[in-house]
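Here is the structure we will look at, set down as structure tokens.
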Amino acid sequence: MKNKFKLLSFLILGSLFMLNLWSAYSVFMFNDKSFYAENGIIENLQAVVLAISCITFLVLGLREKAPVKLILLFYSLLCYSFLVRELDVERLNVHEAFKLIGSGIGRNITLVIGFTAMAFFAASKFNFYKKAGIQFIKSKPGMLLLSAGMFLFIGDVFEKSRTVIHHVFFEESFELLGYCLILISALAVKFRADSSSRP
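Under this note's numbering, think of the first position of the sequence shown as 164, with each following residue one higher.
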């Protein structure tokens with residue numbers, strides 16, 4: 164199991180490294196802004212990675228028992244919030260109901276309801292979930308999520324650094340790295356669960 168996890172992590176980060184080389188060369192040598200444009204390659208990859216992470220955390224969360232269940236469902240909802248932020252749902256060829264809940268006020272309401280419900284459950288057994296949350300953060304998946312948060316923060320810094328040439332490229336690249344680490348964190352949870360369930 165550990166070898167499979169290491170292989171998948173290597174493939175994800177290796178592919179990301181190659182993409183960064185290719186995109187950086189195109190952006191800085193040929194001023195090709197299509198890589199980091201709206202609905203460009205990097206942004207579409209972000210959506211794919213977030214969707215996989217969201218589903219993985221959701222499936223794992225539904226399989227687990229408390230308190231891990233709530234923790235994993237929280238990260239699934241967090242990935243969903245990132246996903247609907249990255250996607251222009253209103254421009255997609257989907258049913259109006261999806262556009263309603265995936266953009267604008269509808270998106271904000273669904274996220275507030277989701278996070279409020281989780282906060283309510285966590286508050287009902289605060290010490291129980293607090294202890295479990297700290298233990299999770301100290302684990303490999305938790306450390307990966309902390310690293311992801313750091314790179315997302317760096318991406319946000321570049322978003323506001325308009326004096327930096329191609330600052331959006333750096334923003335999107337660091338965000339993609341953060342999302343990839345979230346995916347690897349979800350995979351770490353999966354492989355840990357699979358190994359613990361084996362006789």
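Just so you know, even glycine gets a beta-carbon here, dropped at the ideal spot from N, CA and C.
Within 8 Å, strictly: CB atoms of residue i and residue j
i           : j           : result
residue 224 : residue 239 : yes
residue 282 : residue 249 : no
residue 212 : residue 332 : no
residue 296 : residue 318 : no
residue 308 : residue 345 : yes
residue 304 : residue 229 : no
residue 315 : residue 205 : no
residue 236 : residue 221 : yes
residue 336 : residue 202 : no
residue 175 : residue 347 : yes
residue 354 : residue 196 : no
residue 216 : residue 242 : yes
residue 219 : residue 349 : yes
Sequence-distant residues of its chain with Cβ nearer than 6 Å to residue i (five each side left out)
i           : result
residue 329 : 190
residue 311 : 341, 344, 345
residue 172 : 347
residue 324 : 330
Residues of its chain near residue i, where Cβ-Cβ distance is below 8 Å and the 5 sequence neighbours each way are ignored
i           : result
residue 179 : 339, 340, 343
Proximity winner among the options, relative to residue i (alpha-carbon distances)
i           : options            : result
residue 289 : 233, 226, 188      : 233
residue 231 : 306, 170, 358, 285 : 285
Neighbourhood of residue i by C-beta, 7 Å cutoff - its chain only, sequence neighbours within 5 removed
i           : result
residue 334 : 318, 321, 322
residue 274 : 244
residue 292 : 230, 233, 285
heavy atom of the ligand ADP below 7 Å from residue i C-beta
i           : result
residue 273 : The ligand ADP is absent from the structure shown, which contains no ligands of any kind.
(message) Runs of 4 residues minimum, wholly inside the segment 261 to 335: which ones carry the alpha helix (DSSP H) assignment?
(response) 267 to 287, 289 to 301, 303 to 323
(request) Write down every uninterrupted run of the beta strand (DSSP E) in the segment 184 to 232 whose length is 3 residues or greater and which is fully enclosed by it, in chain order. (result) none
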